[in-house]
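Data block below; observations after.
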Amino acid sequence: MRTHAQAVVIGGGVVGCSILYHLAKLGWTEVVLLERDELTSGSTWHAAANIHGLHDVTNISRLQHYTMQLYKELEEETGQSCGVFQPGSLYLAQTEAREHQLRLQEAKARRYGMNFHEISRDEAERLHPLADFAGVRCIMFEPDGGNVDPSGVTNAYALGARQRGAEIHRFTPVTGTEQQPDGTWIVRTAKGEIRTPWVVNAAGLWAREVAAMAGITLPLLPTEHQYFVTETIAQIAAMDRRLPSIADRDGEYYLRQEGKGLLVGAYERDMRFWAEDGTPPDFGHELFADDLERIEENMMRAIDRVPALASAGIKRVINGPMIWSPDASALFGPVPERRGYFCCCGIIPGFSQNGGLGRLAAEWMVEGEPSLDLFGWDLARFGHWATKGFTKARVRDQYAHRFAIHFPGEERAAGRPVRTRPAFAMQQEMGARFGLNYGWEHPLYFDAQTPDSAGFTRQPWWESVGREARMVRERAGILDISNFAKYRVAGPGAEDWLNALLANRMPREVGRSCLAPLIGARGGVAGDFTVTRLGEEELWVIGAGAAERFHQRVFAQVPLPAGTTVESLTEVVCGFNVAGPRARDLLALLTDADLSNAAFPFFRSRRITVAGVDCVAIRVSFTGELGWELHCAAKDQLTLYTALLGAGREVGAGPAGSRALMSLRMEKGYGSWGRDYSLEYRPQESGLDGLIRRDKDFLNKPAWEAVAGDPPREVMRLLEIEATEADASGGEPVFLPDGTPAGQVSSGAYGYHVDKSLALAYLRPELAGPGDAVHVAILGRPHAARVLAEPPFDPGGLRLRDRAAEMEPAQ
């Protein structure tokens, strides 16, 4: 066994072997995989191993599509069969919402050249003559869908990795992982020790225990999961071809051919947890006692769809463990607090995702960053607040509603609230409906009579949000921005450190602010921040709240100068944005500070007292209106909020939620990190290149310089869409009128003040620019749209600068 390795992968399931293979494929041949038992022990060996390409998240579809295409290449390369069967998959919609979902996925497939299309009922009956398609509104067919052999795939990865020089050691449990002073790791086993810069936790059912060796807690919990295989069915035995699988998610089961019978699996509402306090160390290829009564309702729906099941005997039942994260997505990426510790855990459809995850994990370690933006799967999306209680409640909800549609903007209640601020109870009394942001409850809108709901079409709260957005534009609004990530950088090296981190030059004068991008390892946008100098050696940095743990990972790449500190203020500082044409009038009722343009211009900051509360005030607003951000100590939040609401009533202002803010920023064409700005898009594509200073060094400047001169592949543009039933939300493909793929929406909302359905989209500049007509696939159907040359609201930024007299009325 090697004593030194470029990376040590812990876990010999399909995911661990895929990561090992892809590391070797990218040139890291001195890599080692350690498996406590035999390869495939744990969840891999008993998986149903279905493969499918489409997912609601576009990048996951791309990841899964790569995985499906890889299997045949892997067989050719290694000579090891992966047991690939691809008779296709039928996707059924019994409800209007499911039809919208499938049509949107079909549009995405056209955008990326994937094979997924609608077929007639006659064609579906020809493909699957055993199925009864009564009650089905829409049928999509994925010709590449099917299943693989779990052991075959795992061993093909293992063989491919070994052929490139990687080592695999079975029956070699890891007994310890210890980080050394230089940041490297020692991985201990009974057979010896390995020193490595990278530990990869792909331990599946044992991911929690492996993480604990390094002092890391992962929000994961195992459950039981059942499927059964029937005896031979005569009609299938008589066929000369294989039947396609059926994805009837409204029926809450999955079904495919296995041998000459059928395999049926379900995610039942009456679910069962397993090994809540730790996976037994000696568990391997065992199964649980079957309990088919719990999935009886699902089975009956499957029998209704395929009546031949009713008379088929059951050959075997598989009831084995799976391990889940709180949102049923992978925990993926380097642990921010542990340099060189990578996780790839909690994967549910492992045989649809293992190849893509292996490739992206290898890219991250070898090249510094994955080629696809997977922030939605980054383990940094969960923090210390993701407790065992929260995890259990969310896993229960995710399992029991595995096949429920995840609608845009959906907020599930399970496990909440986790983190609240002092104003939470008062906001509840005011009728606030809350969303979850990095564990925090934050107001979406205020309407005691209209419960929150989610769907592809406009929801009942649409008008409630409209009232708030119009209030801000016409008078003023008070928006809770406490969930923004806030950092205080202090000390003699504060300015130098921020200049070395961020691409813009830091403000040198006390009271000034700037916008500053953070550049990623491939030259894309890793973050965007507002930086404010509050003192000679004190600067505040404000960014996306959901990315706080992600920020910490990137911040750690730039050493802090002596005597300089970076402190997160997010938990101890709250904030409100007071915005609108009467924002100054409102604040003037509560402060003696001079808020005039001359004394307090746009993008300036100052410490002031508002209603007796000490605040850091920054004259900026994501709404595009005259406004101030007020940041105060958490203990003072309720006092400040009460005062702002009281003064607001005198000028016709009131509370507004984050959904109104999304509408207002869309009218201005403002991008948002995590939606519109991402690692995949370069500054010249996102419109942020003007904020980059070539005459200074900053993190990943060489990567930016390598692409800065390239023409934009796609450019962020604002679209006006002819839509009356639904608005774009993000991920909708954009086509030219002749059907040529032109790009995709990054985010969207209705602009209530300008009375337009709007969306930000990345478009290929050679295909579509200002004034051009395009089609946006809202609800999967083409909606006519026009590329705007400028935002429809205040394109000159006159409101922000309080020069409203120069502003022309909105059209």
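Read in order, the letters of the sequence shown correspond to residues 38 to 848 in my numbering. Heads up, the beta-carbon is just placed ideally off N, CA and C, and yes, glycines get one too.
| Item | Value |
| --- | --- |
| Provide the residue(s) that pair with LEU516 in DSSP beta bridges, ordered along the chain. | ASN614 and ALA693 |
| Compute the Euclidean distance between the alpha carbons of LEU473 and GLU448, then round it to the nearest angstrom. | 7 Å |
| Return the residue from the list ASP319, GLN263 and GLY288 that minimises the CA-CA distance to ASP300. | Residue identity differs from the one stated: residue 300 is Leu in this sequence, not Asp. Ranking ASP319, GLN263 and GLY288 by Cα distance to LEU300 puts GLN263 first. |
| Mind checking who TYR128 pairs with in its DSSP beta bridge? | MET177 and ALA284 |
| Identify whether PHE592 lies in helix, strand or coil by the three-state DSSP scheme. | helix |
| Assuming the contact rule is C-beta atoms closer than 8 Å, THR81 and GLY387 should be a hit. Round their C-beta distance to whole Å, please. | 7 Å |
| Would you mind giving the Cβ-Cβ distance between LEU578 and VAL610, rounded to the nearest angstrom? I have them listed as a contact below 8 Å. | Note on residue identity: the sequence assigns Val, not Leu, to residue 578. So it is not a contact: roughly 12 Å between Cβ atoms. |
| Could you check the C-alpha separation between GLN217 and ASP631 for me, to the nearest Å? | 55 Å |
| Any contact of the segment 750-769 with the segment 788-800, i.e. 3+ C-beta pairs under 8 Å? | yes |
| Given that a residue counts as buried once 16 or more other Cβ atoms are within 10 Å of its Cβ, and exposed if not, what is MET359? | buried |
| Around the Cβ of GLN721, are there at least 16 other Cβ atoms within 10 angstroms (buried) or fewer (exposed)? | buried |
| Below 7 Å CB to CB, which residues in the same chain sit around GLY172 once its five sequence neighbours on both sides are set aside? | GLN131 |
| Can you tell me the Cα-Cα spacing of GLY689 and ALA513, whole angstroms? | 7 Å |
| What does DSSP give as the partner residue(s) for LYS523 in the beta ladder? | ILE579 |
| For the segment 286-359, list the alpha helix (DSSP H) runs that are entirely contained and at least 4 residues long, ordered along the chain. | 333-342 |
| Buried or exposed: where does ALA842 fall if 16 or more other Cβ atoms within 10 Å of its Cβ makes it buried? | At ALA842, the pLDDT of 44 sits below 50, so the modelled position is not reliable and the matter cannot be decided from this model. |
| Within 10 angstroms of the Cβ of ALA814, are there 16 or more other Cβ atoms? Answer buried if so, exposed if not. | buried |
| Tell me whether the segment 593-604 and the segment 476-495 touch, counting them as touching only if at least three CB pairs, one residue from each stretch, are closer than 8 Å. | no |
| Do VAL647 and ARG663 have their beta-carbon atoms positioned less than 8 Å apart in this structure? | The question names Arg, but residue 663 is Leu in the sequence shown. Their beta carbons are not under 8 Å apart, which means LEU663 does not touch VAL647 by this criterion. |
| Verify the CB distance criterion: does PRO544 have a CB-CB separation below 8 Å to chain C? | Going by chain labels, chain C is absent from the structure shown, which holds only one protein chain. |
| Count the other C-beta atoms from every protein chain shown that fall within 10 angstroms of the C-beta of ALA274, then say buried if there are 16 or more, exposed otherwise. | exposed |
| What separation, rounded to the nearest whole angstrom, lies between the Cα atoms of PRO544 and SER550? | 6 Å |
| Contact check, VAL266 vs GLY315 under 8 Å by CB: the rounded distance? | The Cβ separation is near 31 Å, so there is no contact. |
| Who are PRO371's beta bridge partners in DSSP? | PHE379 |
| Taking C-beta to C-beta, are GLY420 and GLY476 nearer than 8 Å? | yes |
| Helix, strand or coil, according to DSSP, for CYS119 in the structure here? | coil |
| In three-state terms, what does DSSP make of VAL791? | coil |
| What does a CB cutoff of less than 7 Å around GLU574 pick up in its chain, not counting 5 residues either side in sequence? | ALA527, GLY528, PRO529 and ALA531 |
| Going by Cα to Cα distance, which pick from ARG731, ALA44, HIS89 and SER519 is closest to LEU63? | ALA44 |
| Kindly give me the distance between the Cβ atoms of ARG39 and ILE231, rounded to whole angstroms, as I take these residues to be in contact under 8 Å. | 6 Å |
| Can you tell which of SER98, VAL51 and GLU160 has the C-alpha that lies nearest to the C-alpha of LEU196? | VAL51 |
| For ALA563, which of THR569, LEU682, SER408 and HIS438 has the nearest alpha-carbon? | SER408 |
| Beta carbon of ALA822, beta carbon of GLU759: below 8 Å? | yes |
| Using three-state DSSP, classify TYR149 as helix, strand or coil. | helix |
| Roughly how many angstroms separate the alpha carbons of SER784 and GLY503, rounded to a whole number? | 18 Å |
| I'd like the ranges of any alpha helix (DSSP H) spanning at least 4 consecutive residues and lying wholly in the segment 624-664. | none |
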